[in-house]
Amino acid sequence: MATNYKSAYYKNGDLLPGVDDETAWNNLTSGAITSINNNFLYNYYAVTDSRGLCPDGWHIPSKQDWDILINFLGGESVAGGKLKYNNNYYYYNSYWDEPNIGATNESGFSAEPLLDENNLYTTGIWWSTTETGSDSAISIVLKNNTASVMQQTIDKNTGAPVRCIKD
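Residue numbers (the numbering used here): 1 to 167.
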């Protein structure tokens, strides 16, 4: 999908619990969603719930799926720029703070940054389904100050958007 997935329901129609309290969110061991600045952020438990988030025929990418895309785009050192909106195209919250190095969006992925605690649009993050431990999983991270794409381990209670890909 060329945009972040935005649904408050599992594929079977069950409603995802919306959690806005940070303490409650950090103590969850089940799927939940929150919304910040019109971004739907899911915890890892929602991402991997057996009821599924993505519509039929789609799934959330694993680390291996992300690796295929990154390699197709020329590798980690340049793929981030090819995934990011360039600043010539302003769409709601898709504006990356300068310098937005390497941003071409030639992939059509149209990566948008998330507003951080300092009201800056410097970082975009997306879940993979790949665990790295009982409390952590792989995420894909883009930054405004590099054309690189990074794969980082984050806590399963982190709120991050997802992209769905065709099966």
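Here a beta-carbon is modelled for each residue, glycine too, at the ideal position from N, C-alpha and C.
Keep in mind that this is a model prediction, so the values were computed, not measured.
Please say whether residue j and residue i have beta carbons closer to each other than 7 Å?
{"i": "Lys-82", "j": "Ile-138", "result": "no"}
{"i": "Ile-70", "j": "Val-149", "result": "yes"}
{"i": "Ser-136", "j": "Asp-155", "result": "yes"}
{"i": "Val-162", "j": "Tyr-42", "result": "yes"}
{"i": "Asp-97", "j": "Leu-120", "result": "yes"}
{"i": "Gly-108", "j": "Ala-2", "result": "yes"}
{"i": "Asn-144", "j": "Thr-122", "result": "yes"}
Could you pull the DSSP bridge partners for residue i from this structure?
{"i": "Ser-30", "result": "Beta-bridge pairing links Ser-30 to no other residue."}
{"i": "Glu-131", "result": "Ala-137"}
{"i": "Tyr-85", "result": "Beta-bridge pairing links Tyr-85 to no other residue."}
{"i": "Tyr-42", "result": "Ile-33, Ala-160"}
{"i": "Leu-15", "result": "Tyr-9"}
{"i": "Val-167", "result": "Looking at the sequence provided, one finds Asp at residue 167 rather than Val. Note: Asp-167 sits in no beta bridge, so no partner."}
So residue i packs on residue j, CB below 8 Å; how close in whole Å?
{"i": "Asn-4", "j": "Glu-117", "result": "Rounded, the Cβ-Cβ distance is 20 Å, inconsistent with contact."}
{"i": "Ala-32", "j": "Leu-16", "result": "6 Å"}
{"i": "Asp-56", "j": "Ile-165", "result": "Their Cβ separation, rounded to whole angstroms, is 13 Å, which puts Asp-56 and Ile-165 out of contact at 8 Å."}
Applying the 10 Å Cβ sphere with the 16-neighbour rule, what's the burial state of residue i?
{"i": "Ala-8", "result": "exposed"}
{"i": "Ile-60", "result": "buried"}
{"i": "Asn-38", "result": "exposed"}
{"i": "Gly-75", "result": "exposed"}
{"i": "Asp-13", "result": "Just to set this straight, residue 13 is Gly in the shown sequence, not Asp. Exposed, since its Cβ has fewer than 16 Cβ neighbours within 10 Å."}
{"i": "Lys-84", "result": "buried"}
{"i": "Lys-6", "result": "exposed"}
Rounded to the nearest angstrom, what separates residue i and residue j at their Cα positions?
{"i": "Ala-46", "j": "Gly-52", "result": "8 Å"}
{"i": "Ile-36", "j": "Gly-124", "result": "13 Å"}
{"i": "Thr-146", "j": "Gly-80", "result": "8 Å"}
{"i": "Asn-93", "j": "Ser-50", "result": "Residue placement at Asn-93 is poorly supported in this model, since its pLDDT is 46, which falls under 50; the coordinates are not used for a value here."}
{"i": "Cys-54", "j": "Tyr-44", "result": "14 Å"}
{"i": "Asp-167", "j": "Trp-58", "result": "5 Å"}
{"i": "Ser-134", "j": "Gln-152", "result": "15 Å"}
{"i": "Thr-158", "j": "Glu-22", "result": "10 Å"}
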